[in-house]
Amino acid sequence: MKTKPINAHEFVFGKNFTDHMLSVDWNKDGGWKRPQIIPYGPLKIPVSASSLQYGISCFEGLNVVKNRESKMFQPFRVDKHMGHLLESSSHIDLPLFDPAQ
């Protein structure tokens, strides 16, 4: 595990990463599978993936804020971010999902 900045102002986008990542598989027959949080590691992407060939992809970031009372970090407005991701996905004909999941 890499040492993480203690001061939130020291975090730099694109430089500081978590030790884990979210992975959600999808296939044409079964649709979206159960999301999993897995250790950070390489992605398995087929060379023929349209996101590599043509840049067809969709991204939505999540904000994490420090709760003033509990001093814990928590995701901020996840429901709104998932709504944005769903809308963006529909524009480029990606498989849709239930944002409440």
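Those letters in the sequence shown? Residues 1 to 101, per UniProt numbering, in order. Ideal Cβ positions, reconstructed from N, Cα and C, are used throughout, including at glycine. The structure presented is a predicted model; accordingly, all values stated were derived computationally and were not measured.
Limits of the beta strand (DSSP E) - the one that residue i falls within
{"i": "VAL65", "result": "63 to 66"}
{"i": "MET21", "result": "20 to 23"}
{"i": "GLN53", "result": "It is not in any beta strand (DSSP E) - GLN53 instead sits in the alpha helix (DSSP H) that spans 50 to 53."}
{"i": "PHE17", "result": "PHE17 -> no beta strand (DSSP E), and no H or E assigned at all."}
{"i": "GLN36", "result": "36 to 39"}
Proximity to residue i [Cα-Cα], best of the options
{"i": "PRO95", "options": "LYS28, MET21, LEU22, HIS20", "result": "LYS28"}
{"i": "ILE45", "options": "VAL64, PRO39, ASP25, LEU62", "result": "ASP25"}
{"i": "PHE11", "options": "LYS33, VAL65, LEU86", "result": "VAL65"}
Helix, strand or coil at residue i according to DSSP, with G and I counted as helix
{"i": "GLY83", "result": "helix"}
- [ ] Pair every Cβ in the segment 16 to 24 with every Cβ in the segment 35 to 43, then say whether three or more of these pairs are closer than 8 angstroms.
- [x] yes
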